[in-house]
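**Student:** I have a structure I would like to understand better, so I am pasting it below and will then ask my questions one at a time.
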Amino acid sequence: MVSVDAFAVLAEPTRRRILDTLRHAEHSVGELVDALGMSQPAVSKHLKVLREAGFVSCRTAAQQRIYRIDPSPLRAVDGWLEPYRELWAEHPD
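Just so you know, the sequence shown maps onto residues 1 to 93 in UniProt numbering.
Right, here's the structure in full:
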């Protein structure tokens with residue numbers, strides 16, 4: 001079951017942009033700052049929320065934190081949406 005928190009996390013457009021960027025490859029905070037055109041503190045704030053909600057994980061490489069998507073919460077959201085798919089798959093007459 002997906003929590004309401006997952007939807008609150010995904011409701012923020014900047015967090016969705018971060019996930020979109022991480023969808024292709026893992027990135028350091030600096031790379032995300034460059035890709036998104038945002039300040040480092042702003043990106044770090046959003047990464048903290050994403051990490052605490054389980055949407056991203058990070059590892060340390062030298063003095064950098066490298067972030068990547070953790071698909072588990074996205075699978076839960078996808079599972080929650082499953083019964084609604086038929087609503088947009090049907091075409092009204």
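Heads up, the beta-carbon is just placed ideally off N, CA and C, and yes, glycines get one too.
Please read these numbers as outputs of a predicted model, since none were measured by experiment.
Name the residue from Leu-36, Arg-59, Ala-62 and Val-77 whose alpha carbon lies nearest to the alpha carbon of Asp-20.
**Tutor:** Residue mapping note: residue 20 aligns to position 20 of the sequence shown, counting from 1. For the residues Leu-36, Arg-59, Ala-62 and Val-77, the minimum Cα distance to Asp-20 belongs to Leu-36.
**Student:** What does DSSP give as the partner residues of Ser-57 in its beta bridges?
**Tutor:** On the sequence shown, position 57 is the one that residue 57 refers to. In DSSP, Ser-57 forms a bridge with Arg-68.
**Student:** Please classify Arg-85 as buried or exposed, where buried requires at least 16 other C-beta atoms within 10 Å of its C-beta.
**Tutor:** Numbered from its first residue, the sequence shown carries residue 85 at position 85. So Arg-85 counts as exposed.
**Student:** Trp-80 to Ile-69, Cα distance in whole Å?
**Tutor:** Indexing the sequence shown from 1 puts residue 80 at position 80. Indexing the sequence shown from 1 puts residue 69 at position 69. Spanning the two alpha carbons is a distance of roughly 19 Å.
**Student:** How is the alpha helix (DSSP H) around Gln-40 delimited, first residue to last?
**Tutor:** Here residue 40 refers to the residue found at position 40 of the sequence shown. Per DSSP, Gln-40 belongs to the alpha helix (DSSP H) from 40–52.
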